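So for the sequence shown, the working numbering puts the first residue at 5; every next one is plus one. Glycine residues also receive a C-beta, built at the ideal position from the N, C-alpha and C atoms. Keep in mind the model is a prediction, meaning the values are calculated, not measured. Here is the structure we will look at, set down as structure tokens.
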Amino acid sequence: MTDTQTTALSIRQRAAGKRLRVGNGVTHAVLILASLTMIFPFLWQILMSLATNAQVTSVPPTFWPGELHFENFAHVFDQLPFLNQLWVSAAVTTIRTVGQLLLCSMAGYAFARLEFPFKRTIFAIVLAILMVPPQVYLLPQYQIVQGLGWLNTIAGIAAPGIFSAFGTFMMRQFFLGLPEELSEAARLDGANHFQIFWKIMLPLAKPGLSALAIITVLASWNDLLWPLIVATDATQMPLAPGIATLTSQRSIPDYPLLLAASLLAMAPVLILFLSMQRRVIDGIAFSGMK
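Quick look at the structure:
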């Protein structure tokens, strides 16, 4: 290679390296801007929870409250039976999550690996449930819960959410992605269907179960409409409808109080997400939702 060719190659390499650095810089700038855009509402919520109502509603808006009013968080416990509602939310979320992990995984395995009459028809009906708005079920669900005497109880709030068509579909897709040879080898060793499911397939389904658990926890913790209908006693409400009732107690909503209560209600789920972030990402990535 001549000196001219070497020089030209070096110039091209430097130009390519410069374009790569510029491209990386633009990518990082866009990602930083997008991150700030997404995190700004959360930061604004934190700041406004420490402000006064006049500062929150001021025009133009105030982005720094000046004096920080930490007593807004203490007022939450004065206006709401917060600890009772936190316990109800935790209990309802736990019941729904355990129920969906058990029932949806069993149903998903049955639809994926077992053969029984009208299997395709039943699965089509399950999928059809996804196309029906949940508000359609409110009246019959309420009548059933009322007939059972479960109004204003944790059981009445949790019962409709212990099974879901979406969870069944997701677990079915996951089990379809597992090797069939594992089931065949277990059957040759004399294992029945339940043993294959419980001892072989379920341990391999941990990523899918993690994804379903996180989705169920978020949906249950933020559920508003059904608990608001079935629970009228403030001490038996979860946090979401409990915080919603604060807006009806005043002619002018106390926005700092609402923001502080929302932050306190958000904290347990945020801590759970941060502690299980890697498992959440892996679960969604390997859940079979392609």
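Item, Value
"So, under 8 angstroms CB-CB, His235 and Ile161 are touching, yes? Tell me the CB distance rounded to an integer number of Å.", "In the sequence as displayed, the identity of residue 235 is Ala instead of His. Confirmed, about 6 angstroms."
"When you compare each of Asp82, Val60 and Phe127 to Leu72 by their alpha carbons, which one comes out closest?", "Val60"
"Using the three-state DSSP reduction, which class does Asp193 fall into: helix, strand or coil?", "coil"
"Roughly how far, in whole angstroms, is the beta-carbon of His32 from the beta-carbon of Leu261, given that I think they are within contact range, below 8 angstroms?", "His32 to Leu261, Cβ: 39 angstroms. No contact."
"Met174 and Leu216 look like a contact to me (Cβ under 8 angstroms); what is the Cβ gap, rounded to whole Å?", "6 angstroms"
"Just to confirm before moving on: does the CB-CB distance between Asp258 and Asn28 stay below 8 angstroms?", "no"
"Tell me which residue opens and which closes the alpha helix (DSSP H) that Met270 is part of.", "Tyr259 to Ser279"
"Where Asp227 and Ala244 are concerned, what is the direct C-alpha to C-alpha distance, given to the nearest angstrom?", "7 angstroms"
"Given a cut-off of 8 angstroms on the beta-carbon distance, is the pair Phe170 and Ala209 in contact?", "no"
"Between Arg176 and Gly103, how many whole angstroms is the CB-CB distance? I'm expecting something under 8 angstroms.", "Their Cβ separation, rounded to whole angstroms, is 17 angstroms, which puts Arg176 and Gly103 out of contact at 8 angstroms."
"Work out the CA separation of Ala163 and Val34 for me, nearest whole Å.", "45 angstroms"
"Suppose contacts are defined by Cβ-Cβ distances below 8 angstroms. Is Leu51 in contact with Phe67 by that definition?", "yes"
"Considering only the alpha carbon of each residue, which of Ile43, Thr172, Phe198 and Ile218 lies closest to Ser109?", "Thr172"
"Less than 8 angstroms between the CB atoms is what I'm expecting for Gln156 and Gln240, so what's the real figure, rounded?", "Note that residue 156 is Asn in the sequence shown, not Gln. With 8 angstroms as the limit, Asn156 and Gln240 qualify as a contact, their Cβ atoms being about 5 angstroms apart."
"Rounded to the nearest angstrom, how far is the Cβ of Ile158 from that of Ala95, given a contact under 8 angstroms?", "5 angstroms"
"Rounded to whole angstroms, what's the CA-CA distance from Ile99 to Ile166? Just pull it up for me.", "7 angstroms"
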